[in-house]
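Asks: The C-terminal position of the sequence shown is numbered 100 in the numbering used here, with every residue numbered one higher than the one before it.
C-beta: ideal position from N, C-alpha, C; glycine also.
If you're wondering where the values come from, they're calculated on a predicted model, not measured in any experiment.
Got a structure for you, questions after.
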Amino acid sequence: MAHLEPWLAVGVLLSTAATDAVYVMFNAAVSSQRRLPAATWSSVWYLLSAFAVISYTKNWVYVCFAAVGSWIGAYVSMTVLRRAKGPRGPEAVSS
């Protein structure tokens, strides 16, 4: 049986719990088509899920690039969804 590092196990447990909580917040922001919160939650979600990646790559710098890419991807996706749905608010009401 492999050696178990208790602090690493606790870190994995906590990061997984936090990742799932952030995932729920991300989905709520996407469902309500809020671009900035969706992009921000997406970035936080990626940072938390990168815990395992750091263990494999031993280089955290790539995780920063991935988080920024995640933020951009979510923001652009929400912008496209918003445009596809059409204008919102009082100016969208036709007489």
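Candidates Tyr-51, Trp-12, Gly-74, Val-17: which alpha carbon is nearest Val-27's?
Replies: Per the Cα distances, Tyr-51.
Asks: Specify the secondary structure class of Arg-87 as computed by DSSP and reduced to three states.
Replies: Three-state DSSP puts Arg-87 in a helix.
Asks: For Arg-39, does the three-state DSSP call read helix, strand or coil?
Replies: Residue state, collapsed to three classes: coil.
Asks: Pull up the distance between the alpha-carbon of Gly-91 and that of Thr-84, whole angstroms please.
Replies: So the two alpha carbons sit approximately 11 Å from each other.
Asks: Taking 7 Å as the limit between beta carbons, can you name the residues of its chain near Pro-42, skipping five residues before and five after?
Replies: Closer than 7 Å at the Cβ level, and outside the excluded window around Pro-42, lie Ala-34.
Asks: Inspect the beta-carbon positions of Ala-55 and Ala-72 and report whether they are closer than 9 Å.
Replies: Going by C-beta atoms, Ala-55 is nearer than 9 Å to Ala-72.
Asks: In three-state terms, what does DSSP make of Ala-71?
Replies: Helix, per DSSP.
Asks: Put Ala-55 into one of helix, strand or coil per three-state DSSP.
Replies: The answer is coil: DSSP assigns Ala-55 none of H, G, I, E or B.
Asks: In whole angstroms, what separates the C-alpha of Ser-48 from that of Phe-31?
Replies: Rounded to whole angstroms, Ser-48 to Phe-31 spans 9 Å at the Cα level.
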